[in-house]
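Going by this note's numbering, the first residue of the sequence shown is number 200, and it counts up by one from there.
The beta-carbon is built from N, C-alpha and C at its ideal position, and this holds for glycine as well.
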Amino acid sequence: MSLLITTYEALSLCRVLEPYFVKHDLHIALGGSCLYRGTSTHDIDIFIYERYPRKDNIHIYDKVDNLFKTEKIHDVKFTWSGTGSCSGVIQKLVTFNKKEYPVDFFLCHRL
Numbered sequence: 200m201s202l203l204i205t206t207y208e209a210l211s212l213c214r215v216l217e218p219y220f221v222k223h224d225l226h227i228a229l230g231g232s233c234l235y236r237g238t239s240t241h242d243i244d245i246f247i248y249e250r251y252p253r254k255d256n257i258h259i260y261d262k263v264d265n266l267f268k269t270e271k272i273h274d275v276k277f278t279w280s281g282t283g284s285c286s287g288v289i290q291k292l293v294t295f296n297k298k299e300y301p302v303d304f305f306l307c308h309r310l
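Okay, here's the thing in structure tokens:
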């Protein structure tokens, strides 16, 4: 059976995750084929960016790493699966609503 992820599933995950990211002064946004095509047979692309220009010395990667290590998000489980081909991508296997979704989290830096 092949993987088929819908925009509805991806947005449902984003809606659950967003409040936890906000607690760490971050926001998330959906991208990739789930957004522009309506489905994906590969993964969910979620972009993470800082809510405000950085006033501290905490790098976005450290904020995200801390979030994954400390937050207990109801009905969501993260399994580390590696980093992508560039250092700005964190790949996770996310269990949500009793299904597993490969998710690429892209770290976006404010200029």
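If you compare the alpha carbons of Y207, C213, D242 with that of S201, the shortest gap goes to D242. In this structure, F304 lies away from I257, with their beta-carbon atoms at least 9 Å apart. By the criterion of a C-beta distance shorter than 7 Å, L203 is surrounded in its chain by T238, T240, once the five residues flanking it on both sides are discounted. Under the DSSP definition of a beta bridge, V293 partners with F277, Y300. Judged by DSSP secondary structure, Y251 falls outside any alpha helix (DSSP H); it is assigned neither H nor E.
In the three-state reduction of the DSSP assignment, L234 falls in the helix class, which pools H, G and I. According to the DSSP assignment, E208 belongs to the alpha helix (DSSP H) that extends over 206-221. Secondary structure of L266 (DSSP, three-state): helix. The three-state secondary structure of D261, taken from DSSP, is helix. According to DSSP, S201 shares a beta bridge with no other residue.
Burial is judged here by how many other beta carbons sit within 10 angstroms of a residue's own beta carbon; H273 has fewer than 16 and is exposed.
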